[in-house]
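J.:
In this note's numbering, the protein residues as written are 2 to 425.
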């Protein structure tokens, strides 16, 4: 009988041991740098109520209309989270994080799910990291979020980036712009793509995000939102640009960079890299001062960004940036005979308690095969043990890189390996 063939779901991939090290490296870097910026990690379930995601993203977005994994249990409707801003805000409201005092500086790392057509850098299960600062309407918060985003990429070595920046103003400014945009597009309504026609009445700003060819001539000549900003919005945008310049962060104004949902306000930004080709976005975000209230909290300002980790890895590959170190182990115990094998098994915990990574053969192979396996495991040292070594209380310590050997007591081996480990 033929064995069943099981595979991953289309658009979802296994992350194998050789690749996991680069993921661990990136995650460790994000944790370390976030701590320097005084961000705190937050972790939310991968499953959320459908209504939360609909409110958080909007009914007319592609994600809600055709890209969410949804299911029901009883009368409850759920989705696998397609993004993390709405879940983080839900956690903020549900757990009364405002009572901790001050603005909440939160960051996250985790998987998201979208039922879209898989392509390079875009899978149905993908991973993002990002930050949300909830509780501050000051331009300093906007700039700190942007600075952290760019800092991560600089730390990795991805410096060929461009920060695109815009302001979509407060609700009053945006409403005036929406009317001007609709007035401009109305004479050419029939020439718009079907998707843009759907967006025309309820979400016209999303037309500016369109990638449809027939929409491009109208987008290129559309009125710009910065011409419709009121004084408060202009002042906020001016401060953001001023603070970015004070930090030496270059940016390009992009008047057509928008966030289409009504809860977005003021600052919108995107980090792009030519090293990614046509799909050049690395990260993006903005201010969303109305979202907390939209999902049941008190009016609370907030700003954040999200970044795709798979897309970051693609940029690293294009630039030849290697993340993480090679697999290695400090000591591999090579045993000859049952007595030595028993000694090796009892010795592994002692080495590990001393902070030394250690392993041994699990398959009862010959000395030659064990030495070959020690090389495959990239062992720094092999501790060779047979009955003679056990009787004498001295063991052969072989430097696998230098092919040098010496006979030492176990205590001296531990001291040497510990000192070597500390020097690395």
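C-beta: ideal position from N, C-alpha, C; glycine also.
Are residue 81 and residue 111 touching if we call contact CB-CB under 8 Å?
T.: It is not a contact, given that the beta carbons lie outside the stated cut-off.
J.: Within the stretch 196-248, note down every full alpha helix (DSSP H) run reaching 4 residues or more, in order along the chain.
T.: Fully enclosed alpha helix (DSSP H) runs of 4 or longer: 217-221, 232-247.
J.: Please classify residue 7 as buried or exposed, where buried requires at least 16 other C-beta atoms within 10 Å of its C-beta.
T.: Burial call: exposed.
J.: Nearest CA to the CA of residue 120: which residue from 277, 169, 18?
T.: The shortest Cα separation from residue 120 among 277, 169, 18 belongs to 277.
J.: Just reading off the beta strand (DSSP E) that residue 128 is part of, what are its end residues?
T.: Residue 128 -> beta strand (DSSP E) spans 126-135.
J.: From this set, 24, 205, 349, 91, which residue's C-alpha is nearest residue 44's C-alpha?
T.: When only C-alpha atoms are compared, the closest one is 91.
J.: For residue 26, which three-state DSSP category applies?
T.: The answer is helix: DSSP assigns residue 26 an H, G or I state.
J.: Out of 407, 391, 188, which has the shortest C-alpha to C-alpha gap to residue 383?
T.: It is 407.
J.: Just confirm the distance between the C-beta atoms of residue 126 and residue 13, as a whole number of angstroms; I'd bet it's less than 8 Å.
T.: Their Cβ separation, rounded to whole angstroms, is 4 Å, which keeps residue 126 and residue 13 in contact under 8 Å.
J.: In angstroms with no decimal places, state the Cα-to-Cα distance between residue 16 and residue 351.
T.: Cα to Cα, the separation comes out at about 32 Å.
J.: Please give the ranges of any beta strand (DSSP E) in the stretch 349-395, keeping only runs that are unbroken, at least 3 residues long and fully inside the region.
T.: Those beta strand (DSSP E) runs which fall completely within the stretch 349-395 and span 3+ residues are 359-361, 380-386.
J.: Who are the near neighbours of residue 25 in its chain, counting only those whose CB is closer than 8 Å to its CB and skipping five residues on each side?
T.: Counting only Cβ-Cβ distances below 8 Å, and skipping sequence neighbours, we find 325.
J.: Say whether the stretch 279-292 touches the stretch 150-165, bearing in mind that this needs 3 or more beta-carbon pairs closer than 8 Å, one atom from each stretch.
T.: Yes: at least three Cβ pairs fall under 8 Å.
J.: Along the alpha helix (DSSP H) that carries residue 86, what are the first and last residues, could you check?
T.: Residue 86 -> alpha helix (DSSP H) spans 86-95.
J.: How should residue 9 be labelled, buried or exposed, when 16 other C-beta atoms within 10 angstroms of its C-beta is the threshold for buried?
T.: It counts as exposed.
J.: Given that a residue counts as buried once 16 or more other Cβ atoms are within 10 Å of its Cβ, and exposed if not, what is residue 72?
T.: Exposed: under 16 other Cβ atoms inside 10 Å.
J.: Leaving aside the five residues before and after residue 426 along the sequence, list all residues of the same chain whose C-beta is less than 6 Å from its C-beta, in chain order.
T.: Coverage of the chain is limited to positions 2 through 425, which leaves residue 426 absent and any answer about it impossible.
J.: Under the DSSP definition of a beta bridge, which residues are partnered with residue 336?
T.: DSSP lists 386 as partners of residue 336.
J.: Going by beta-carbon coordinates alone, are residue 386 and residue 349 separated by less than 8 Å?
T.: No, the pair does not count as a contact, with Cβ atoms beyond the cut-off.
J.: Could you have a look at residue 107 and say whether DSSP puts it in helix, strand or coil?
T.: If DSSP states are grouped into helix, strand and coil, residue 107 belongs with the strands.
J.: Let me check understanding here. Comparing Cα to Cα, which of 96, 106, 50, 374 lies closest to residue 83?
T.: Checked all of 96, 106, 50, 374; the closest Cα to residue 83 is 50.
J.: Quick one: give me the first and last residue of the alpha helix (DSSP H) that residue 178 is part of.
T.: It spans 172-186 - the alpha helix (DSSP H) in which residue 178 sits, taken as one unbroken run.
J.: Can at least three beta-carbon pairs, one atom from the stretch 233-244 and one from the stretch 199-218, be found at a separation below 8 Å?
T.: As far as the Cβ criterion goes, the stretch 233-244 does not touch the stretch 199-218, which means the pair count is below three.
J.: Under 7 Å Cβ to Cβ from residue 391, same chain only, skipping five residues before and after it: list those, please.
T.: Here the set comprises 340, 341, 344.
J.: Taking the DSSP output, what are the residues bridged to residue 328?
T.: Partner(s): none; residue 328 has no beta bridge.
J.: Is residue 88 buried or exposed, if buried means 16 or more other CB atoms sit within 10 Å of its CB?
T.: Counting Cβ neighbours within 10 Å, residue 88 comes out buried, since at least 16 surround it.
J.: CB-CB under 8 Å to residue 162, same chain, minus the five flanking residues each way: which ones, in chain order?
T.: So the qualifying residues of the chain are 151, 154, 272, 273, 274, 283.
J.: Express the C-alpha separation of residue 355 and residue 415 in angstroms, rounding to a whole number.
T.: Residue 415 and residue 355: Cα-Cα distance of roughly 8 Å.
J.: At the level of alpha carbons, what is the spacing between residue 322 and residue 20?
T.: Distance between the alpha carbons of residue 322 and residue 20 is about 14 Å.
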